[in-house]
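Below is one structure, written out as structure tokens, with a few remarks after it.
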Amino acid sequence: MLPYPQIDPVALAIGPLKIHWYGLMYLIGIGGAWLLASRRLNRFDPTWTKEKLSDLIFWLSMGVIVGGRLGYVLFYDLSAYIANPTLIFEVWKGGMAFHGGFIGVMIAAWWFGRRNGKSFFQLMDFVAPMVPIGLGAGRIGNFINAELWGKPTDLPWAMVFPPFSDPAQLPRHPSQLYQFALEGVALFLILWLFSRKPRPTMAVSGMFALFYGIFRFIVEFVRVPDAQLGYLAFGWVTMGQILCIPMIVAGLFLIWLAYHRQPKAPVTSAA
């Protein structure tokens, strides 16, 4: 069994102002995406300036934050937020849903594309390889917060999370680290390597949807579902798995469509 590193969720406190690691992980994800997007910008569109890229990253970030929060409210704990709507603004306590953030990003990409002469999938193909940076950073934030841990296990890398998080004090799967490895590191490598060569429009987006859906679906088998929801079917199906099924199907369809309808419509390489 591995010891859980006791990390204060508050990275810096200045009087009443507290800066949480969870919030810093969002800044790391956004900053990392901006840096890598800057590297690809000339290949994506030589006429775009760094200012336009900054505008794109800003609106996509707003999509992540607003969509992620609203997604959690709608998908995971609607009754609690109806009873106390002010909880929606307490983002420092966690409560962000990837699938809501993903919808928020898609809406922001569609809106920004219309204003800047780019199609929805041109922008999605461009930003998809950068998204795993934020996903991986977010999972590290979950780990520091000692939240979203996994089921009990006797594997040698099991961890006992702090009593405030897990009163049962059982050795558990560090499922946040599994998700960091799959949704962050593995997904980044797959998309970055895949997009180094010209691909038909929609192919990179399809790869993102497919592999994120697969990775998240797998980890849900060892991750404890949100207490207010539990398992939704058959004693093992979670909300996360239900939300991933459309992503897997859509990813397969987009890849098929990309190579059957647009074999000569390349997107920018990432090299």
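Just so we're aligned, residue 1 is where the sequence shown starts under full-length UniProt numbering, counting upward by one.
Just so it is clear, CB atoms sit at the ideal spot from N, CA and C, and this is done for glycine as well.
Just so you know, these numbers come straight off a predicted model, no measurement behind them.
Judged by pairs of C-beta atoms under 8 angstroms, the region 95-111 touches the region 62-69, as three or more such pairs exist. Taken in chain order, the complete beta strand (DSSP E) segments of 3 or more residues contained in the region 176-223 number zero; there are none. Arg172 is bridged by DSSP to Pro152, Met159. Between Pro171 and Asp226, the alpha-carbon positions lie close to 18 angstroms from each other. Cβ-Cβ distances below 6 angstroms link Met124 to Ala109, Ser205 in the same chain, with the five nearest sequence neighbours on each side left out; the list follows chain order.
Relative to the Cα of Phe221, the nearest Cα in the group Phe188, Leu187, Pro174, Trp256 belongs to Pro174. Judged by pairs of C-beta atoms under 8 angstroms, the region 136-152 touches the region 174-187, as three or more such pairs exist. In this structure, Ile255 is the residue among Val224, Tyr26, Lys50, Ile255 with its C-alpha nearest to the C-alpha of Arg199.
In the three-state reduction of the DSSP assignment, Ile14 falls in the strand class, which pools E and B.
Note on geometry: alpha-carbon atoms of Ile218 and Ala186 lie some 14 angstroms from one another. Counted as a single uninterrupted DSSP element, the alpha helix (DSSP H) harbouring Glu51 occupies residues 50-76. In summary, Met1 is exposed, with fewer than 16 beta-carbon neighbours lying within 10 Å of its beta-carbon over all protein chains present.
Note that the C-beta distance between Tyr76 and Met239 is below 8 angstroms. By the criterion of a C-beta distance shorter than 7 angstroms, His20 is surrounded in its chain by Pro9, Val10, Ala11, Trp92, once the five residues flanking it on both sides are discounted. Rounded to whole angstroms, the gap between the alpha carbons of Gly251 and Tyr259 is 13 angstroms.
By the Cβ-count criterion, Phe44 is buried, with 16 or more other Cβ atoms from all chains shown falling within 10 Å of its own Cβ. Per DSSP, Met239 is one residue of the alpha helix (DSSP H) stretching across 239-261. In the same chain as Arg39, and ignoring 5 residues on each side of it, no C-beta atom comes closer than 6 angstroms to its own. Phe143 and Arg261 have their alpha carbons spaced roughly 42 angstroms apart. Proximity to Phe98 across Leu70, Trp111, Arg114 peaks at Leu70, based on C-alpha coordinates. In this structure, the CA atom of Gly101 is about 22 angstroms from the CA atom of Tyr231.
Bounds of any alpha helix (DSSP H) do not take in Leu2, whose DSSP letter is neither H nor E. Less than 8 angstroms divides the Cβ of Met247 from the Cβ of Ala209. In the three-state DSSP reduction, Ala233 falls in the strand class (E or B). Within the model, the alpha-carbon separation for Gly141 versus Gly15 is close to 23 angstroms.
Of the residues Leu189, Val160, Pro129, Thr47, the one whose Cα lies closest to the Cα of Ala33 is Pro129. Your pair Pro132 and Phe188 checks out as a contact, with CB atoms roughly 4 angstroms apart and the cut at 8 angstroms.
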